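Notes follow once the structure below has been shown.
Numbering (this note's numbering), first residue to last: 46 to 449.
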């Protein structure tokens, strides 16, 4: 390599200098000087070569907003979720008979958690009875978990499960014979992969996952342009992943190209135009972080009007339960949609599997559903495992087909 050759060359030059300056005081002083600069050059040349070889795996800065449950109740919610899926499996409840109406992000008393509303359709009285016993037994799994029956009839019973007094699950059990007719068309699903721009390899792996994912790319990341070109070449839709101020700012930073509440309208438009220019082929925008920004109607109006001027759609990532983004976009006549499920709040594969099942259930119930994942290897593995089922049971489409 060139750096190695240069190191040898410097060593040879030193020998010549030593011979020429033997007995010369000035010459003897120059040797350590040349040696020092030779070592200096070799060291930094090595760093440069390493950057060229491994630069495409540059890690993103740590500024991701946390969507998962607060540590105080996260453990108990995980216990409930895992126990629920085990109970459904043991009672042989088919996936088509589990309907997730919604999964909402709740912010309250400095805590953040997901509230899950689910309907379970049971084939017979016996399985209904077993599931009721299971739900009541949840309170015995952890002293922080409580269960309360909201209503009960011959056809349906509804329970509310809470952790430390905070409602985390609404579970309804319905008897066979009261089901809604199945949909004739395949439900549509869109999956957005956020936070791309810092690793070309993982981005390319998602592009070649086997289903048409939508890539949401940071505006000013090291490999934004290359990833956008790669996506376009393979027929994948690209979105601008627009950083916005989170509630934790400045402790939590949204990264380069972000919009902040203190900015003037003019400044926001300038930054947004620059961000859009940095993401070639972008057909829409969704927010990165933004739990504070998306709650501010005046600021969101500026952003959405600019998107309308560019003919772009908006997907509300719903990083706050109080977001105004989706409703404002509808009012302005901007094609829009909102996220239904975050796939990888927890990055272990079983948790991602559970979130995928929730996404499928919502799609079956509503006809369409939008999931958002992140460039984790675990997320990629789970999506690849589900490719055959996604192709058979659902119509996987770019998110642009689900905005309205």
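Heads up, the beta-carbon is just placed ideally off N, CA and C, and yes, glycines get one too. Note that the structure is a prediction, hence the values are computed from the model and not measured.
Original post:
Taking just the CA atoms, how far does residue 443 sit from residue 233?
Top reply: 10 Å
Subject >> Buried versus exposed call for residue 391 [16 or more other C-beta atoms within 10 Å across all chains shown] >> reply: buried
Original post:
Do the stretch 390 to 409 and the stretch 188 to 200 touch if we need at least three Cβ pairs shorter than 8 Å?
Top reply: no
Original post:
Where are the alpha helix (DSSP H) runs, 4 residues long or more, that stay fully inside the stretch 376 to 412, in chain order?
Top reply: 394 to 411
Subject >> Euclidean distance between Cα positions of residue 182 and residue 135 >> reply: 15 Å
**OP:** Could you tell me the distance, in whole angstroms, from the CA atom of residue 175 to the CA atom of residue 318?
**Re:** 57 Å
Original post:
Going by beta carbon distance, what residues of the same chain come within less than 8 Å of residue 341, once the five residues before and after it are set aside?
Top reply: 306 and 369
Subject >> Short Cβ contact (8 Å threshold) for residue 358 with residue 329 >> reply: yes
Original post:
Would residue 265 pass as a contact of residue 302 if the rule is Cβ separation under 8 Å?
Top reply: yes
**OP:** Following the continuous alpha helix (DSSP H) through residue 251, name the residue where it begins and the one where it ends.
**Re:** 245 to 252
Original post:
Exposed or buried, which one is residue 170 when buried takes at least 16 other CB atoms within 10 Å?
Top reply: exposed
Original post:
Can you list, in chain order, the stretches of the beta strand (DSSP E) that have 3 or more residues and sit fully within the stretch 257 to 344?
Top reply: 259 to 262, 282 to 289 and 327 to 334
Original post:
At what residues does the alpha helix (DSSP H) containing residue 363 begin and finish?
Top reply: No alpha helix (DSSP H) contains residue 363, which DSSP labels as neither H nor E.
Original post:
Span of the beta strand (DSSP E) holding residue 149?
Top reply: 143 to 153
Original post:
Does the stretch 248 to 261 touch the stretch 272 to 283, meaning 3 or more C-beta pairs lie closer than 8 Å?
Top reply: yes
Original post:
Roughly how many angstroms separate the alpha carbons of residue 243 and residue 346, rounded to a whole number?
Top reply: 30 Å
Subject >> Within 8 Å, strictly: CB atoms of residue 388 and residue 418 >> reply: yes
Original post:
Nearest CA to the CA of residue 362: which residue from 382, 398, 375 and 189?
Top reply: 382
**OP:** Please work out which residues of its chain come closer than 6 Å, Cβ to Cβ, to residue 151, disregarding the five sequence neighbours upstream and downstream, and give them in chain order.
**Re:** 158, 160 and 366
**OP:** Between the Cα of residue 251 and those of 435, 425 and 430, spot the shortest distance and give me the residue it belongs to.
**Re:** 425
Subject >> Whole-Å CB distance - residue 332 paired with residue 364, under 8 Å assumed >> reply: 7 Å
Original post:
Where does the unbroken alpha helix (DSSP H) through residue 188 begin, and where does it stop?
Top reply: Segment: none, residue 188 is in no alpha helix (DSSP H) and carries neither H nor E.
Subject >> Where the beta strand (DSSP E) through residue 237 begins and ends >> reply: 233 to 241
**OP:** Please determine if the stretch 392 to 402 and the stretch 183 to 194 are in contact, where contact requires at least 3 C-beta pairs separated by less than 8 Å.
**Re:** no
**OP:** Pull up the DSSP beta-bridge partners for residue 161, would you.
**Re:** 148 and 214
Original post:
If we call anything under 8 Å between Cβ atoms a contact, is residue 393 one with residue 351?
Top reply: no
Subject >> Rounded distance between the beta-carbons of residue 125 and residue 211, thought under 8 Å >> reply: Not a contact, Cβ separation roughly 12 Å.
**OP:** Taking the CB atoms as reference points, tell me whether residue 349 and residue 377 lie closer together than 8 Å.
**Re:** yes
**OP:** Work out the CA separation of residue 420 and residue 238 for me, nearest whole Å.
**Re:** 7 Å
Subject >> Residue from 440, 255, 374 and 287 with nearest C-alpha to residue 428 >> reply: 255
**OP:** Measure from the alpha carbon of residue 123 to the alpha carbon of each residue in 353, 372 and 395, then state which is nearest.
**Re:** 395
**OP:** Mind checking who residue 440 pairs with in its DSSP beta bridge?
**Re:** 233
**OP:** My understanding is that residue 218 touches residue 281, with C-beta atoms under 8 Å, so please give their C-beta distance in whole angstroms.
**Re:** At roughly 41 Å, the Cβ-Cβ gap does not stay under 8 Å, so residue 218 and residue 281 are not in contact.
Subject >> Host alpha helix (DSSP H) of residue 182 (start-end) >> reply: 170 to 182
Subject >> Spatial neighbours of residue 253 in its chain, beta-carbon cut-off 8 Å, leaving aside the 5 residues before and after >> reply: 279
**OP:** Assuming residue 208 and residue 180 form a contact by the criterion Cβ under 8 Å, report the distance between their Cβ atoms to the nearest whole angstrom.
**Re:** So it is not a contact: roughly 14 Å between Cβ atoms.
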